[in-house]
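Chemist: My questions all concern the structure below.
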């Protein structure tokens, strides 16, 4: 088992990128192994670690299928629908409330907005 090269934060060589950087470029790792890592020191905690992949081996992002697009739309609609009044709240229902704000706080003086 070999160890990965470790680079200081913002000093990675050209040709290496994190998952987020690959995604921003319209790429994905495509099954390749991690080739290096970045470490950013933090005060009183362990360092933040970001894994690096080779850009030349990255593959293009797969296009979203119609079925996946429909499933995501349905999931987002379910997150916005109040289970109490069955209306689309227009925003994602807070998990701590479990229902839209007018249903959670029916009295105007108790509303937290």
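In the working numbering, the protein residues as written are 13 to 125.
All C-beta atoms in this analysis are idealised placements derived from N, C-alpha and C, irrespective of residue type, glycine included.
Output the boundary residues of the beta strand (DSSP E) element that contains residue 57.
Modeler: Segment 57-66, the beta strand (DSSP E) holding residue 57.
Chemist: Taking all protein chains shown into account, do 16 or more other C-beta atoms lie within 10 angstroms of the C-beta of residue 103, making it buried, or fewer, making it exposed?
Modeler: By the 10 Å Cβ count, residue 103 comes out exposed.
Chemist: Tell me whether residue 44 sits in a helix, a strand or coil according to DSSP, three-state version.
Modeler: Three-state DSSP puts residue 44 in coil, outside helix and strand.
Chemist: Name the residue from 51, 101, 72 whose alpha carbon lies nearest to the alpha carbon of residue 90.
Modeler: Closest option to residue 90, Cα to Cα, is 101.
Chemist: Quick one: measure Cβ to Cβ for residue 65 and residue 44, integer angstroms, because I've assumed they're closer than 8 Å.
Modeler: Between residue 44 and residue 65 the Cβ distance is about 6 Å, and since that is below 8 Å, they are a contact.
Chemist: Relative to the C-alpha of residue 35, which residue among 25, 55, 26, 72 is closest?
Modeler: Checking every option, the nearest Cα to that of residue 35 belongs to 72.
Chemist: At what residues does the alpha helix (DSSP H) containing residue 114 begin and finish?
Modeler: That run of the alpha helix (DSSP H) goes 113-116.
Chemist: Output the residue ranges of the alpha helix (DSSP H) runs that lie fully inside the segment 63-109 and measure 4 residues or longer, sorted by chain position.
Modeler: Entirely contained in the segment 63-109, the alpha helix (DSSP H) runs reaching 4 residues are, in chain order, 78-92.
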